[in-house]
Amino acid sequence: MVRRYFILFISIFFITSLNAEDGYKLWLRYEPVSDIQLLAHYNKSISGLMFEGTSSTIKLASEEMKAGLKTMLGAEIPQVSYVRKNGIIVAGTPESSKIIASLKLKDKLAKAGDEGYIILNSKYRHRRIIIIAANSDAGVMYGVFHFLRLIQTHQSISVLAIESSPKTKVRLLNHWDNLNRSVERGYAGLSLWNWDKLPDSVGQRYKDYARANASIGINGSVLTNVNANALILTKDYIAKVAAIANVFRPYNIKVYLTARFSAPIEIGKLKTADPLDPEVADWWKKKADEIYEFIPDFGGFLVKANSEGQPGPQNYNRSHADGADMLADAVAPHGGIVMWRAFVYDNNVPDDRAKQAYNEFVPLDGKFRKNVLIQVKNGPIDFQPREPFHPLFGAMPKTPLMPELQITQEYLGSSVHLVFLAPLYEECLKSDTYAGGRGTPVAKVIDGTLDDHELTAMAGVSNIGNVRNWTGHPFAQANWYAFGRLAWDPYMTSSDIADEWIRMTFTNRNEAVERIKKMMLDSREIAVNYMTPLGLHHIMYSGHHYGPGPWVDRGRKDWTAVYYHRADSVGIGFDRTSKGSDAVAQYFKPVRDIFEKTETCPENLLLWFHHVPWDYKLRSGRTLWDEMCLRYDSGVKSVRWLQSEWGKSKEFIDNERYEEVKALLVKQERDAKIWRDGCILYFQTFSKRPIPDGIEKPEKSLDFYENYRYTDIPGISR
Ligand code: GCV
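Here the sequence shown stands for residues 17 to 734, numbered as in the working numbering.
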């Protein structure tokens, strides 16, 4: 015991004195437990490991446990073959472990399903043991990560009664990674997939990526951009993909690819890609067979079709269902799925882009094969800082819908702004669609319980790249983490997610945890305030989407900002009521009625649904103009609050990450001011009203903001 404490002391000493924390370890830092009482509790409760099973998944789970406990408890916990004393952790399935088979766990395991697990204190031959049991080795692995999380977050392990199973079946990251290693909307360096070196060399990073994903329950990865390149489907590339799949497999992660709809022409030398042409269908069948020869557990295809210039079935006057079903038939014999994106809008720019996906897809409900999911962005436009939930949720009862959330911060300050996205995800997942009457949140649509779908899924557009800390901003790791946790359980709260992430990533000191949690939980609303308050949307600069561009009025109409804010001398906002584009009609009652009237419409979506006069009185008693100015200003002031809260956290954070975040917050304040001042000055040209008292006045003229060029933002091409 004395030796254990000595080792622990030495490790704490080295960790704090080195002060080098580059973020590579993410939330899997396994910091030594410094609370002596807690450490004694863990040491008393854990004396040996009995991992049963021979698969590589069990092997990695047992290594993870061993390594994690070693650094956290300061001692090597031996692998044992018998339960001869108290405190053995027995991990396995009823098939692999006689002990687990002998305990009465049948009902609990039945509920755990394929990937779930249970963690219990139990007794075997009068000895106290801890059970981590599942129906599969993958389930055991997930249970191990959960158990380690308990220790990482300093929880007691004396009364364990955990039963956990994922509420969605397919939980995947979508990488918008191109074959030249650039990443569309990526702000964390190059793509992780080094195609030049594959398949011969598969570096350690692939494994670390898989491990991090497995630790939060992610079980799939779409490797390539939805703006797809057909080359990925050629034999040489499939071999490279297979090499990645081999690394991911033990972590229960399947690979998926994006399918370019015109691939039969581009790489198959056919004359057409018409989905109803038998030659085309046959080409895809053969292509699927070829892929499955290399990768027997290949997950399937993700498709962006007839959207933003991508080819698709409509090029041949066929429907999205025709296209999706043809691909679904190709992968079905192998157990694959097709995720068909609903992010479509017409090149001809009709009245309201927000309505188009619904109009296109609702008539197709019931027309898709069983192995097709429709992938729907959280809101009807495009990953804005705030959008109402997408009206498709609940509107296609015969078709499984999966949400697509954006983890990369395309419209939320890239990897520069501290914006914790769990509140945004949670807001969508908890929104009541009323599809099955009151109490039908989006989460219930996507977890399959509303319409009895077995095939369920959730996708997150990755923010990961090859920079050392994976995501650029140290806090952006939390968005990856939050996505994984919510894909496993869409009913989790942002607060709980933030709590565990902070404890694992930074510190368990309660004072710091509470302070940083508040920063994180407020951060999304802060960004909304300095970017797009009161329901404004898509007023970012065209192209990079980083800074403000409400003045953008050139180019394709629905890519301009003026199309969305519609500011004029009377007021501002997009009228989507029955008197306007009538987008409200796409929502179930009473949601549509609530959105229809200014008096009942949530103020944070007011300008999404209404064109509102500048002098309209808000619930605060202030006019719209004054309130808008106030929100912009409070956004900036809140970034200063973030800075000061971070300053107070200094003593709890390693130097390297502390300084990095501090420097990023300086940029964030500068950018928030550019947003505030640029937008206020621009909208003032319509409102013709003075900037209210108490609000900082812009330092420069509108012209300055309109011409501002960033020189220090990742992902902005110069
Ligand atoms: C991958 C937005 C982004 C595009 C992205 C597209 C999509 O328009 O700006 O970069 O393309 O969404 O989700 O397909």
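Quick reminder that beta carbons are idealized off the backbone N, C-alpha and C, glycines included.
Own chain residues within Cβ distance below 6 Å of residue 567, not counting five before or after: 698 and 722
Segment limits, alpha helix (DSSP H) that includes residue 144: Element bounds for residue 144: not the alpha helix (DSSP H) but the beta strand (DSSP E), 143-150.
Residue 572, buried or exposed, once every other Cβ within 10 Å from all chains shown has been counted against 16: Exposed, by the Cβ-count rule.
The ligand GCV heavy atom lying under 7 Å from the CB of residue 196: no
Collapsed DSSP secondary structure at residue 224 in the structure displayed: helix
Residue 523 and residue 359 closer than 8 Å at C-beta: no
Closer than 7 Å: residue 201 CB and nearest the ligand GCV heavy atom: yes
Extent of the continuous beta strand (DSSP E) run through residue 357: 353-357
Whole-angstrom distance between residue 192 and residue 477, CA atom to CA atom: 7 Å
One or two residues paired with residue 673 in a DSSP bridge: Beta-bridge pairing links residue 673 to no other residue.
Backbone CA spacing between residue 717 and residue 578 [nearest angstrom]: Their Cα atoms are separated by approximately 20 Å.
As assigned by DSSP and simplified to three states, the class of residue 30: Its pLDDT being 44, under 50, residue 30 is placed unreliably by the model, and the measurement read from it follows with that caveat. DSSP places residue 30 in helix when its eight states are reduced to three.
Cβ-heavy atom distance, residue 522 to the ligand GCV, below 7 Å: no
Element boundaries [alpha helix (DSSP H), containing residue 521]: Run containing residue 521: 510-521, per the alpha helix (DSSP H) assignment.
Burial state of residue 325 (16 or more Cβ within 10 Å): exposed
Near the ligand GCV: residue 317 beta-carbon under 7 Å from a heavy atom: No.
Close-in-space but distant-in-sequence residues of the same chain around residue 484 (CB under 7 Å, 5 per side omitted): 38, 39 and 40
Simplified DSSP state of residue 526, which is helix, strand or coil: helix
Between the CA atoms of residue 106 and residue 636 - distance to the nearest angstrom: Taking the straight line from one Cα to the other gives about 58 Å.
Straight-line Cα distance separating residue 398 from residue 392: 10 Å
Collapsed DSSP secondary structure at residue 288 in the structure displayed: coil
Between the CA atoms of residue 680 and residue 488 - distance to the nearest angstrom: 10 Å
Start and end residues, alpha helix (DSSP H) containing residue 493: 493-504
Straight-line gap, residue 471 to residue 346 (C-alpha atoms, nearest Å): 18 Å
CB-CB length for residue 72 against residue 266, believed under 8 Å: 4 Å
Span separating the alpha-carbon of residue 748 from that of residue 317: Since the displayed the chain opens at 17 and closes at 734, residue 748 lies outside it and no answer follows.
CA nearest to the CA of residue 725, picked from 690, 706, 641 and 714: 690
Euclidean distance between Cα positions of residue 427 and residue 368: 20 Å
Nearest-angstrom beta carbon gap, residue 574 and residue 374 [assumed within contact, 8 Å]: 16 Å between Cβ atoms; not a contact.
Outcome for residue 370 when other beta-carbon atoms lying within 10 angstroms are tallied against a minimum of 16: buried
Helix, strand or coil at residue 643 [DSSP, three-state]: helix
Three-state class that DSSP yields for residue 736 in the structure shown: With the chain running from 17 to 734 in the structure shown, residue 736 is simply not present.
Touching by the beta-carbon criterion (3+ pairs, under 8 Å), the stretch 623-633 and the stretch 539-551: yes
At least three beta-carbon pairs within less than 8 Å, the stretch 437-450 to the stretch 395-410: A contact exists between the stretch 437-450 and the stretch 395-410.
When 653, 649 and 704 are compared against residue 586, the one with the closest alpha-carbon: 704
Whether residue 14 touches residue 272 by CB criterion (8 Å): Because the chain here runs from 17 to 734, residue 14 falls outside it and cannot be looked at.
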